[in-house]
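K.L.:
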Amino acid sequence: MNEIEEIKALLDFPQNTVIITHRNPDGDAIGSSLGLKHFLETYNHNVKLILPSEYPPVFGFLNKVDESIVFDLVPDVCEEAIKNASLIFCLDFNSLDRVDKMAQMISDASAKKCLIDHHLDPEPFADIIFSDPTASSTAELVYQFIADMEQEKRMTVDMGEALFVGLITDTGSFKYSTNPRTYNTAAKLKAAGVDDYYIQDKIFNSMQKKQLELLGHCLANRMEILPEFQAGIIHLTRQDYKDFAISRGDTEGIVNHILMIEGIKIAAFITEQPTIVKLSLRSKGDISVQEIARNHFNGGGHKNASGGSAYAKLEDVIQRFKKVLPKYSVNV
Ligand code: 5GP
Ligand code: MN
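Counting from 0, one number per residue, gives the positions in the sequence shown under numbering that gives the first Met the number 0.
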């Protein structure tokens, strides 16, 4: 029996299903998970969507996103749901450390585990694995999963809107990581009734004034360009977080502005968090920020978009990044 047939057989019976995605969920994490939740609910399965940490308010317009259970807020409820699950879907992450404190609970759970993901080098923690790093997004893979099961007839506008959010956020509105299936998926979602302009507007024209002011501060005061390495760095201090009252999601997308500069191919957004320093890395073409993240910052992701972290002082992390840069920016 192949993976699709195995899942299909499982879905023929009522299941206590849990969907889990990664900490600090982005548009693809929320969109793919919620799309799958809507899909599973068409079978009348019991479906709980669990998030390690809260979702950014920008996704609040999606139907039923407010039913998500957040581990940071109600850990006991999440633990109970994971224990009682018969089927756990892990979406948009490739290693259990991306779900923090829930990693052990998922490991210990007796449920059948199914991974749907598009990150490089997935860890083999699931029983059934749908991993395709050539996919633009996990949302694209969820659509393919539904199509492979020959269940496209179950598509609803709610499902489509959630999946469309995943597509446009992970591709920067179809600018990067695309393949022919990405556009086919978008076409199918639009045909199913998704108002693409409405979603684009909700996602990309929904900034608060303070977010634009923060972007201005980053570009005017916190950006350093290293032309010799075709690289740029923006950093934010803990004080910046206080001064601009930065909350979850406010810094989303800032790193991409560095790549707007002609000739710049590597971008780093380095932020001082309460206990760690977090890096958000982007690149163009053959330069792999995944290798930088994996080799030096205990992270990973995709070739052109990765993240990592370090337990060190902000200054030291910036220096470490500058030190390793020459190794990765040659032969561009
Ligand atoms: P972002 O920079 O938007 O936070 O993340 C970019 C990509 O890198 C995402 O696909 C995300 O899953 C991955 N990523 C971000 N932070 C980490 C991390 O700490 N560890 C790993 N393994 N991947 C990360
Ligand atoms: Mn993704």
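Even for Gly, the Cβ is constructed at its ideal location relative to N, Cα and C.
Just curious, the alpha helix (DSSP H) that Asp-147 is in, first and last residue?
P.N.:
The sequence position of residue 147 within the sequence shown is 148, counting from 1. Asp-147 -> alpha helix (DSSP H) spans 137 to 147.
K.L.:
Can you say whether Asn-220 is buried or exposed, counting buried as having 16 or more other CB atoms within 10 angstroms of its CB?
P.N.:
In the sequence shown, residue 220 corresponds to position 221, counting from 1. Classification of Asn-220: exposed, given that the 10 Å Cβ count is below 16.
K.L.:
Give the secondary structure of Ile-233 by DSSP, where H, G and I count as helix, E and B as strand, and everything else as coil.
P.N.:
The residue you call residue 233 lines up with position 234 of the sequence shown. Here Ile-233 sits in strand by DSSP.
K.L.:
Should Phe-88 go down as buried or exposed, given a rule of 16 or more other Cβ atoms within 10 Å for buried?
P.N.:
Translated into positions along the sequence shown, residue 88 becomes position 89. Buried, since its Cβ has 16 or more Cβ neighbours within 10 Å.
K.L.:
According to DSSP, Met-222 sits in a beta bridge with which residue or residues?
P.N.:
Numbered from 1 along the sequence shown, position 223 holds the residue referred to as residue 222. Answer is Ile-233, bridged to Met-222.
K.L.:
With distances taken Cα to Cα, identify the nearest neighbour of Phe-228 among Lys-201, Ile-105, Gly-298 and Lys-326.
P.N.:
As a position in the sequence shown, residue 228 is number 229, starting the count at 1. For Phe-228, the nearest C-alpha among the options comes from Lys-326.
K.L.:
When you compare only the Cα positions, how much space is there between Val-331 and Lys-264?
P.N.:
Locating residue 331 in the sequence shown gives position 332, where the first residue counts as 1. Locating residue 264 in the sequence shown gives position 265, where the first residue counts as 1. Per-residue confidence for Val-331 stands at a pLDDT of 45, beneath the threshold of 50, marking its modelled position as unreliable; the derived number appears in the next sentence. Distance between the alpha carbons of Val-331 and Lys-264 is about 8 Å.
K.L.:
Below 6 Å, is the gap between the Cβ of Ser-279 and the nearest heavy atom of the ligand MN?
P.N.:
As a working mapping, residue 279 is identified with position 280 in the sequence shown. Answer for Ser-279: no, Cβ out of range of the ligand MN.
K.L.:
Note down the Cα distance separating Leu-39 from Val-46, rounded to an integer number of angstroms.
P.N.:
To locate residue 39, count along the sequence shown from 1; it is residue 40. To locate residue 46, count along the sequence shown from 1; it is residue 47. For Leu-39 and Val-46, the distance between alpha carbons rounds to 7 Å.
K.L.:
Out of Ser-135, Ala-266, Lys-63 and Leu-258, which one is the CA nearest neighbour of Asp-116?
P.N.:
Locating residue 116 in the sequence shown gives position 117, where the first residue counts as 1. With distances taken between Cα atoms, Asp-116 lies closest to Ser-135.
K.L.:
On the DSSP letters alone, give me the boundaries of the alpha helix (DSSP H) that Arg-293 sits inside.
P.N.:
On the sequence shown, position 294 is the one that residue 293 refers to. Segment 288 to 295, the alpha helix (DSSP H) holding Arg-293.
K.L.:
Need the endpoints of the beta strand (DSSP E) that Ile-19 sits in, please.
P.N.:
Position 20 of the sequence shown, counting from 1, holds the residue named residue 19. Residues 15 to 20.
K.L.:
For Cys-89, list the residues DSSP reports as bridge partners.
P.N.:
Looking up residue 89 in the sequence shown gives position 90. Paired residue(s): Ile-19 and Leu-114.
K.L.:
Note down, in chain order, each residue of its chain lying with its Cβ closer than 7 Å to the Cβ of Phe-144, except the 5 sequence neighbours on either side.
P.N.:
Your numbering for residue 144 matches position 145 in the sequence shown. Closer than 7 Å at Cβ, skipping near neighbours: Ile-115 and Phe-129.
K.L.:
Evaluate Gln-289 with the Cβ neighbour count: other Cβ atoms within 10 Å of its Cβ, from every protein chain shown; 16 or more gives buried, anything less gives exposed.
P.N.:
Here residue 289 refers to the residue found at position 290 when the sequence shown is read from its first residue. Gln-289 comes out buried.
K.L.:
Provide the residue(s) that pair with Glu-271 in DSSP beta bridges, ordered along the chain.
P.N.:
Position 272 of the sequence shown, counted from the start, is the residue given in the question as residue 271. Its beta-bridge partners are Val-276.
K.L.:
Could you give the distance in angstroms between the alpha-carbon of Thr-274 and the alpha-carbon of Tyr-310?
P.N.:
In the sequence shown, the residue the question calls residue 274 occupies position 275. In the sequence shown, the residue the question calls residue 310 occupies position 311. Taking the straight line joining both Cα atoms gives about 7 Å.
K.L.:
With a 10 Å radius around its C-beta and 16 neighbouring C-beta atoms as the bar for buried, classify Glu-271 as buried or exposed.
P.N.:
Here the question's residue 271 lines up with position 272 in the sequence shown. Under this definition Glu-271 is a buried residue.
K.L.:
Take the Cβ of Thr-16 as the centre, count every other Cβ of all protein chains shown within 10 Å, and call the residue buried at 16 or more, exposed below.
P.N.:
Here residue 16 refers to the residue found at position 17 when the sequence shown is read from its first residue. Flag for Thr-16 reads buried.
K.L.:
Per DSSP, Val-46 is paired with what?
P.N.:
Within the sequence shown, residue 46 is the residue found at index 47, counting from 1. Thr-16.
K.L.:
In chain order, what are the residue ranges of uninterrupted alpha helix (DSSP H) at least 4 long that sit wholly in the region 140 to 207?
P.N.:
Here the runs fully enclosed are 156 to 169, 179 to 190 and 195 to 203.
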